[in-house]
Each structure stands twice: as C-alpha cells, then as structure tokens.
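Report on the structure given below.
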Amino acid sequence: MNRDTAVLVVAGLGIWVDGEPKVGKVETHVLPLAEAADEVVYVCTGPVPEDGNGVEFHQLSPSRWKPLTLLRQFVVALLLAVRRDFDLVVSFSLVPYGLFSLAIGALSRTPAHLGIIGSDLDVHAEARYGVAVRWLFRQFDVVTVSGSDFRDRLAAMGVPLYRTFSVLHPVSSDFADASVEADPEYDVLWLTRMSAEKDPLLFVDALAELRERSVPFTAAVVGGGPLEDEVRQAVTDRGLDDAVDVPGWASSPVDYYRTSRAYVLTSEREMLPLSLVEAMLVGVPSIAPAVGAIPDVVDDGENGLLVAEHTAEAYADAIERLLTDEAAREAMADAATEVESRLSFEAVGEEWAAVFEFVATGQRPADA
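What follows is the structure, given as structure tokens:
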C-alpha cells in the first residue's frame with residue numbers, strides 16, 4: 001500500500017433516481033482509492049454513501065442549470081488542487097470530468113488520470129469525432145480501464161502501454177453470503193437492463209433454438225428498459241410463455257441468482273458487468289461474450305463459458321452444455337465464487353497502489 005499519496009477525484013458517479021440516491025458507482029470507483037492512498041478528496045454534485053471509507057467528500061448542491069453546476073464543480077476542484085498538495089487528479093469518463101482533470105492538472109502542475117467507462121472507448125473513440133477523443137486519451141499521465149483487452153485497444157490508438165493499467169471494480173460481499181438453492185426454479189437467467197447493447201432479444205432467440213432442439217428448460221428474463229415490451233412480445237411470438245418468465249425490473253436481483261442454475265449475458269459490448277460478477281459470487285456459472293474485461297474473470301470451461309460468436313446458435317450450444325452436463329456445471333459453480341478474492345476492496349486497492357507507484361516513480365511494479 002502507498003500511504004503517502006493524496007488524490008483529488010472529480011467525477012459525477014452518484015445520481016438521483018426518482019428521489020432515491022444511487023451511489024453504487026461511488027462505492028466501486030472512488031472508495032477503493034482509500035485502500036491505497038492516505039488522503040482521498042472527492043468533489044461531486046450527486047449523492048454519496050454514508051460509509052465513505054475515509055474519503056473526504058466535497059458535495060455541492062446542484063443548480064437548475066447543469067452547465068453552472070459543472071462550472072462550480074470545476075472551480076471548487078481547481079481551488080482545492082491549487083491550495084493543497086495532491087499527487088494525482090483522478091477522473092472517470094472523458095467528458096466532462098476527464099477534461100476537468102486535464103485542465104486542473106495543467107493549472108496545478110499535478111498528474112492527470114482518466115478512468116475510462118464504457119462508451120468512451122466503445123462509442124466515442126470510434127465515432128466520426130473519434131480522432132479528437134483518441135488524441136485526448138494520449139494527453140493523460142495515466143489511464144485505467146477494466147481489463148487487458150481495453151489496454152490493448154488503447155495501445156492501438158497510440159496510448160503508451162506503460163501508461164495504462166487494468167483496475168477492476170470491487171463488488172459487495174453481500175452477494176457472496178448468498179448461495180444457489182438446492183432445487184432452483186429457473187434453469188437459465190438473463191438479468192440486466194433491457195436495451196439494444198445488452199441484446200435481450202438474442203437470449204430469447206437462443207431459448208427458441210433450445211426449444212427446437214427439444215432441450216427442456218425454464219428461464220427468466222429480468223430487467224427494465226426500452227426493450228421490455230418487445231421482449232415480452234418476442235417470448236409470446238416464439239411460443240415460450242410456458243417456460244419463460246418476464247417479471248420486469250428486480251429490486252432484489254440476488255433472489256433470482258439464488259434460484260437459477262446458469263446466468264447468461266448477451267451484450268455486444270461490455271466493460272465488466274456487475275450482474276455477471278454478482279451471479280458468480282452467488283455460485284451461478286455464467287455464459288458470456290468474450291468482450292471487454294469479461295475474459296479477465298471468466299475462465300472458459302473453468303468457472304463459466306465464453307461465447308465467441310454473437311449468434312443464437314452459439315448461445316444455445318453453451319446453454320445446452322451447461323444444462324446437460326451436471327458435473328461440469330457444479331464444478332464451474334464452485335469455481336465461480338472464487339471471483340470474490342479477485343474483486344475485494346483490498347485486491348482492487350492493490351491495483352490502485354500500482355498506479356500510484358507509477359505516478360510517483362515512473363516505474364511500473366513488476367506484476368502490474
């Protein structure tokens with residue numbers, strides 16, 4: 001651990017949804033910094049967790065005009081950086097917070113960090129304006145991503161590999177305390193947001209393929225989102241109502257993990273989906289695409305199955321394999337729970353300690 005590091009964080013990770021605070025991303029992105037740094041200061045305009053793990057919060061009241069809110073956040077963070085001695089300005093998401101980090105770092109002569117979240121790399125870097133995004137990536141002193149695949153992609157964009165680190169996000173041990181029931185209600189579970197990039201309709205197509213193969217199953221497609229009605233209709237159109245439940249959004253996803261034999265993720269792109277890790281913690285072997293940081297936690301054939309092709313047939317093959325090979329499924333279920341040690345606060349703190357050592361010395365630890 002690096003106990004001599006002071007970090008300033010500027011981000012917008014906490015949000016309000018229908019008047020309720022959603023602070024999960026603050027807990028997974030900001031609080032682990034305190035495992036490796038002596039001082040962590042977070043400037044934000046959204047909600048923060050009650051247990052801050054020693055983080056010093058500067059929580060600003062948002063104004064009705066968002067640009068003014070962002071300007072106030074930038075000014076407060078800049079003043080803190082000028083008046084206090086920080087070793088790194090940490091940000092998550094390029095616009096606007098990565099830009100804030102670059103500006104604050106330049107004005108206070110402090111190294112600047114960018115934590116890339118999803119769309120920065122998958123969408124913006126590949127868009128028509130992507131040349132500017134890729135140029136901005138190269139301006140940061142250090143960049144963190146979730147998984148080795150993203151480091152390789154950044155290197156292809158001209159970001160020196162030695163300046164990038166894979167830092168995963170910790171997960172709540174609450175899920176590790178749960179386990180799968182002896183006689184689960186569902187053979188297969190799909191649980192995440194029902195949106196185009198998550199591709200829930202591909203899961204329904206895979207179930208229809210299983211039905212054509214006369215493979216018996218029960219399944220649940222859980223989540224809310226813009227495709228929820230379309231998913232319900234697809235289940236009906238394919239004659240799967242007798243085997244597939246579509247309950248909508250789940251306030252307690254662990255209840256579904258505990259009652260399922262296998263978890264399926266059909267996303268076209270991902271960093272490291274929380275739902276996948278939660279399922280593994282409970283002991284549910286997963287079937288997932290080999291994208292993003294997923295191969296960093298899913299060892300194909302050991303604690304789950306990776307699907308190389310984004311087709312209904314490929315997913316049906318993987319699902320059929322898990323449902324028909326009980327011994328393999330049970331072995332993968334036992335191995336899946338070991339992800340907890342990789343994604344504990346302490347383990348993620350060690351990954352941040354490697355980042356801080358690099359910023360301080362210019363040298364990467366041998367195992368980073």
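Following UniProt numbering, the numbering of the sequence shown begins with 1 at its first residue and continues without gaps.
We put the CB at the ideal spot given by N, CA and C, even for glycine.
Check whether residue i and residue j have beta carbons under 9 Å apart
i: Phe140; j: Ser166; result: no
i: Thr266; j: Pro200; result: yes
i: Arg211; j: Leu168; result: no
i: Ile319; j: Gly304; result: no
i: Pro285; j: Ala336; result: yes
i: Gly158; j: Arg128; result: no
i: Met332; j: Gly118; result: no
i: Glu50; j: Ala6; result: no
i: Ser61; j: Ala293; result: no
Residues near residue i by beta carbon distance below 6 Å, same chain, minus five either side
i: Val89; result: Leu8, Ser101, Ile104, Gly105, Thr110, Ala112
i: Leu323; result: Asp187
i: Ala316; result: Ala206, Glu209, Leu210
i: Ile15; result: Lys22, Gly46
i: Asp334; result: none
i: Asp245; result: Ala220
i: Ala178; result: Val254, Arg258, Val282
Contact set for residue i: own chain, Cβ-Cβ below 8 Å, skip 5 residues either direction
i: Pro253; result: Leu191, Val222, Ser275, Glu278
i: Gly24; result: Leu274
i: Leu107; result: Leu78, Ala81, Val82
i: residue 369; result: The structure shown does not extend to residue 369, since the chain spans only 1 to 368, so no value can be given for it.
i: Arg329; result: Arg261, Ala262, Pro285, Leu322, Leu323
i: Gly224; result: Arg193, Met194, Gly248, Trp249
i: Gly130; result: His124
Rounded straight-line distance, which links the Cα of residue j to that of residue i
i: Leu121; j: Val143; result: 12 Å
i: Arg3; j: Ala243; result: The predicted model places Arg3 with a pLDDT of 49, which falls under 50 and marks its position as unreliable; any figure quoted below should be read in that light. Cα-Cα distance, rounded: 55 Å.
i: Glu313; j: Val291; result: 18 Å
i: Gly349; j: Leu306; result: 28 Å
i: Tyr97; j: Thr45; result: 12 Å
i: Ala220; j: Ala327; result: 23 Å
i: Gly19; j: Val10; result: 23 Å
i: Pro365; j: Ala155; result: 19 Å
i: Glu197; j: Arg84; result: 42 Å
i: His310; j: Ser214; result: 22 Å
i: Ala208; j: Glu230; result: 15 Å
i: Tyr42; j: Glu56; result: 6 Å
i: Gln233; j: Asp87; result: 54 Å
i: Tyr162; j: Arg153; result: 13 Å
i: Met1; j: Trp352; result: Low per-residue confidence applies at Met1: pLDDT is 43, beneath 50, and the placement is therefore not dependable, though the value from the model is reported in the following sentence. For Met1 and Trp352, the distance between alpha carbons rounds to 9 Å.
i: residue 393; j: Gln59; result: The chain is shown only over 1 to 368; residue 393 falls outside these bounds and no answer can be derived.
i: Val48; j: Ala125; result: 30 Å
i: Glu228; j: Leu202; result: 13 Å
i: Arg193; j: Lys22; result: 16 Å
i: Leu70; j: Ser63; result: 9 Å
i: Thr361; j: Val26; result: 28 Å
i: Leu99; j: Asp300; result: 38 Å
i: residue 383; j: Phe74; result: Because residue 383 is not part of the residues shown, which for the chain are 1 to 368, the question remains open.
Cβ distance (whole Å) where residue i is taken to contact residue j below 8 Å
i: Ala34; j: Gly54; result: 5 Å
i: Val235; j: Tyr257; result: Actually they are not in contact, since the Cβ atoms of Val235 and Tyr257 sit about 21 Å apart, beyond 8 Å.
i: Leu343; j: Pro170; result: 5 Å
i: Leu136; j: Leu94; result: 6 Å
i: Phe356; j: Ala37; result: 6 Å
i: Leu114; j: Ser91; result: 6 Å
i: Glu340; j: Ala176; result: 5 Å
i: Arg238; j: Val204; result: 6 Å
Spatial neighbours of residue i in its chain, beta-carbon cut-off 7 Å, leaving aside the 5 residues before and after
i: Ser148; result: Ser166, Asp296
i: Val298; result: Ser286, Ala288, Gly304, Leu306
i: Thr28; result: His169, Pro170
Distance cut-off 8 Å: residue i Cβ against heavy atoms of the ligand SAM
i: Leu343; result: You won't find the ligand SAM in this model; it holds no ligand whatsoever.
Every unbroken alpha helix (DSSP H) inside the segment 170–198 [4 residues or more]: Complete alpha helix (DSSP H) runs here, min 4: none at all.
Give, in chain order, every unbroken run of the alpha helix (DSSP H) that is at least 4 residues long and sits entirely within the segment 251–332. The qualifying runs are 254–257, 274–282, 294–297, 312–324.
If we require 3 or more residues per run, which beta strand (DSSP E) segments fall completely within the segment 28–86? Listed in chain order, the complete beta strand (DSSP E) runs (minimum 3 residues) inside the segment 28–86 are 39–44, 56–59.
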